[in-house]
Amino acid sequence: MRRLFSGIVSLTMLLSGCASPSLENTSRLDLIKKRGELICGVSGKIPGFSFLESDGSYQGLDVDICKAFAAAIIGDSERIQYRPLTAAERFTAIKTGEIDLLSRNTTFTLSRDSVGGNGLTFAPVVFHDGQGLMVKKESGVNSLEDLANKSICVGSGTTTEQNINDAFESASLPYTPIKYQDLNQVVAGYLQGRCSAMTSDRSQLAAARSGFKNPTEHIILDAVLSKEPLAPASDGQDQKLADAMRWVVYALISAEEQGITKSNIDEKVQLAKNNPQLKPLRRFLGIDGGLGEKLGLSNDFVVQIISTTGNYGEIYEKHLGKNSQVPIPRGLNELYTKGGVYVSPPFN
Ligand SMILES: N[C@@H](CCC(=O)N[C@@H](CS)C(=O)NCC(=O)O)C(=O)O
147 MRRLFSGIVS LTMLLSGCAS PSLENTSRLD LIKKRGELIC GVSGKIPGFS
197 FLESDGSYQG LDVDICKAFA AAIIGDSERI QYRPLTAAER FTAIKTGEID
247 LLSRNTTFTL SRDSVGGNGL TFAPVVFHDG QGLMVKKESG VNSLEDLANK
297 SICVGSGTTT EQNINDAFES ASLPYTPIKY QDLNQVVAGY LQGRCSAMTS
347 DRSQLAAARS GFKNPTEHII LDAVLSKEPL APASDGQDQK LADAMRWVVY
397 ALISAEEQGI TKSNIDEKVQ LAKNNPQLKP LRRFLGIDGG LGEKLGLSND
447 FVVQIISTTG NYGEIYEKHL GKNSQVPIPR GLNELYTKGG VYVSPPFN
């Protein structure tokens, strides 16, 4: 009976074009290592997060997260293929295997992070955002109420679309959504006056405004309509890759907690090597404990990451700090010891 059942399963898999069970069990992590290259899904249109610069390079916080994954998995952050994806394309790209993982201003929600939903799994949050509204200063609009009966430009296939609807509905205010495929189109619609406001994650509004001819003519309203915890994601069926991604993000946070930076990482390694009593540091840097191996990574994966991107705080400062193109105060995105929400579980 059992043989008949497994025969039917294999036949069904064959007919539906599914991979054989042995292939199915191969983690994407091993595939990335074998390929020697990481295929990372990004937006590519958001300064500060992932943006295609004029020299052809991708830059931003989401891009550095891709680099941290590549440094940990392959030991080389240059070996990355970036795939720019719209909001509507991004989850299919994971499920079809077009990309290995997504690092693209994507909100961690229950529906996306469940087998009965999009079937993805999320790494820890790398940017706590919230949805906002941008209007032209001259419009005199100050609140959601002022936008009653007006049109609002919004990207489709996003949490933004649902939240704006929820906000207007619960305030019993009528409005008209004007939907577009990506941020550039939303911005164009807004600047051309097709709508009275554009709505998106507040970081995206700030990023978009930084590229306007006259940024000071636009204001981002104080109202925050939602929580938008943005996190990298991968296929929910691949726990090995998900485990590695989770601990890469925690490595960035833990390094900041311990004051380990791109510039002092070599010193820290020497310190740990010379001092057998510094057990937690030795485990963290892969000298003892074999923690990397448990994840299918090299034991010095944390060293690989930090010497490439620096810790989380350094990544943040570089792309969103005071002197960056899109300065966003750290707020919730600080360590918990400094009033934010970031904390890493122990590397034990
Ligand atoms: N964080 C939200 C929204 C993210 C999002 O993708 N927003 C749209 C614009 S409203 C977008 O496509 N932004 C970036 C891009 O154009 O590449 C989500 O995960 O649904």
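Heads up: the sequence shown is residues 147 to 494, going by the numbering used here. A virtual CB, placed ideally from N, CA and C, is assigned to each residue, including glycine.
Here L279 carries a strand assignment [DSSP, helix/strand/coil]. Scanning I452, P422, S342 and P375 for the CA closest to the CA of V300 turns up S342. By the C-beta density criterion, Y482 is exposed, having fewer than 16 other C-beta atoms within 10 angstroms. Within its own chain, the residues whose Cβ lies closer than 7 Å to the Cβ of A354, once the five positions on either side in sequence are excluded, are L329 and V333, listed in chain order.
Judged by pairs of C-beta atoms under 8 Å, the segment 224-236 does not touch the segment 277-291, as fewer than three such pairs exist. Per DSSP, the continuous alpha helix (DSSP H) segment holding Q331 begins and ends at L329 to L337.
L351 is classed as buried because its beta carbon has at least 16 other beta carbons within 10 Å across all chains shown. As the crow flies, the alpha-carbon of R258 is around 28 Å from that of G335. A straight line joining the alpha-carbon of N445 with that of I219 spans about 11 Å. Annotation for P193: no beta strand (DSSP E) segment contains it, and DSSP assigns it neither H nor E. Contact between L184 and I192 is absent: CB atoms are separated by about 20 Å, not below the 8 Å threshold.
Within the model, the alpha-carbon separation for A313 versus T255 is close to 17 Å. Nearest to G339 by C-alpha distance, out of V281, P320 and V370, is V281.
Between the alpha carbons of L441 and F447 lies a distance of about 10 Å. Taking W393 as the centre and dropping the five residues before and after it, the same chain places the C-beta of L441 closer than 7 Å to its C-beta, in chain order.
As for any alpha helix (DSSP H) of minimum length 4 sitting wholly inside the segment 209-255, the runs are 236-241, ordered along the chain. Take E199, set aside five residues on each side of it, and the residues of its chain with a beta-carbon closer than 8 Å to its own are Q205, in chain order.
The three-state secondary structure of P375, taken from DSSP, is strand. By the neighbour-count criterion, in which 16 or more other beta carbons inside 10 Å mark a residue as buried, V271 falls on the buried side. The distance from the Cβ of L371 to that of G278 is about 7 Å, consistent with a contact at the 8 Å cut-off.
Checking the 6 Å criterion, the Cβ of T305 is within range of a heavy atom belonging to ligand 1. Contact check for V188 against R250 passes: the beta carbons are separated by less than 7 Å. In terms of side-chain proximity, the C-beta atom of V489 is found no nearer than 6 Å to any non-hydrogen atom of ligand 1. A distance below 7 Å between beta-carbons, with the five flanking residues on each side excluded, links S356 to the following residues of its chain, in chain order: P193, Q471 and V472.
Each of I324, L247 and A233 was checked against the Cα of K213, and the nearest Cα belongs to L247. The DSSP-derived three-state label of A343 is strand. Between P378 and the set Y228, L478 and V395, the nearest pair of CA atoms involves V395.
Following the DSSP letters along the chain, one finds T322 in no alpha helix (DSSP H) but inside the beta strand (DSSP E) bounded by residues T322 to Y326. When C-alpha distances from I399 are compared across L175, I211 and R181, the shortest belongs to I211.
The DSSP-derived three-state label of I366 is strand. Per the C-alpha coordinates, the member of Q404, D389 and L231 positioned closest to L443 is D389.
With contacts defined by Cβ atoms closer than 7 Å, L478 and H274 form a contacting pair.
For L198, the shortest C-beta to heavy atom distance toward ligand 1 is 6 Å or greater.
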